Every structure is written in C-alpha cells, then in structure tokens.
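Some notes on the structure that comes next.
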Amino acid sequence: MAADRRNAVVVDSQGVSFELDGRTADFGWSQIRSVPYKGSFGGTTLMVAVVLADGAFYECAVEARSGAALQQWFAELAPVLGYYLGGRPQ
30 MAADRRNAVV
40 VDSQGVSFEL
50 DGRTADFGWS
60 QIRSVPYKGS
70 FGGTTLMVAV
80 VLADGAFYEC
90 AVEARSGAAL
100 QQWFAELAPV
110 LGYYLGGRPQ
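Taking the working numbering, I'd label the letters of the sequence shown as residues 30 to 119.
Next comes the structure, spelled out in structure tokens:
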C-alpha cells in the first residue's frame, strides 16, 4: 500500500484499488491486462496505472515523503505484481 493525504494505491490478492480524493476504484485481477508504474521526474511521486483487458486506462499518483519511501514502495510493488500478473506484459 502506498498512500498520501489525498490518494492511495492498494495491491493485494483481490486486485488493485485506487483512492482519489475519497473516491475508490477497484480492479480485479481478472479485469487487468497490466499495471505499469514509475516514479516522477522529481523522484518522490509514485505513478501507477491500471490497463484493463478492454484497453481502458486508469491512473493514480501518490506523493512519498522521501525518495527512500518511494524506493520502498517500488521494492514492495514489484514482487506482488509479478506474482498476481503471472507473466502478463507490463
């Protein structure tokens, strides 16, 4: 889970959830084609996208407190996405 005061990204056994200013969007693994993610140019924002099987695209950005926190989020995301996406293209 990555969260700031306005937004959050949760990746778990159910799929990927975005919370954006109090609104939640849930995406189950069976719907998801890929989950690309990257850091911002400035180095403290995690940007995560969900691409669905039908091509629809959703994204969420979460501000980390530090570059080290962002790196920790990367370290946590990679194995979880690898496990649940099971070789699907990113």
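Glycine included, C-beta positions come from ideal geometry on N, C-alpha and C. All of these numbers come straight from a predicted model, not from anything done at the bench.
Inset, instruction - Spell out a yes or no on whether the segment 42-57 and the segment 68-76 are touching, meaning 3 or more CB-CB pairs, one atom from each, closer than 8 angstroms. - result: Flag = no, the segment 42-57 and the segment 68-76 do not touch.
Inset, instruction - With DSSP as the reference, label residue 84 as helix, strand or coil. - result: Within the sequence shown, the letter at position 55 stands for residue 84. Here DSSP, grouped into helix, strand and coil, assigns residue 84 to coil.
Inset, instruction - Inspect the beta-carbon positions of residue 61 and residue 79 and report whether they are closer than 8 angstroms. - result: Working through the sequence shown from its first residue, we reach residue 61 at position 32. Working through the sequence shown from its first residue, we reach residue 79 at position 50. Contact: yes.
Inset, instruction - Starting from residue 37, follow the alpha helix (DSSP H) in both directions and report where the run begins and ends. - result: Within the sequence shown, residue 37 is the residue found at index 8, counting from 1. If you look at residue 37, you'll find it isn't in any alpha helix (DSSP H); it sits in the beta strand (DSSP E) that goes 36-41.
Inset, instruction - Answer with buried or exposed for residue 107, where buried requires no fewer than 16 other C-beta atoms within 10 angstroms of its C-beta. - result: Counting from one through the sequence shown, the residue named residue 107 turns up at place 78. Counting the other Cβ atoms within 10 Å of the Cβ of residue 107 gives fewer than 16, which makes it exposed.
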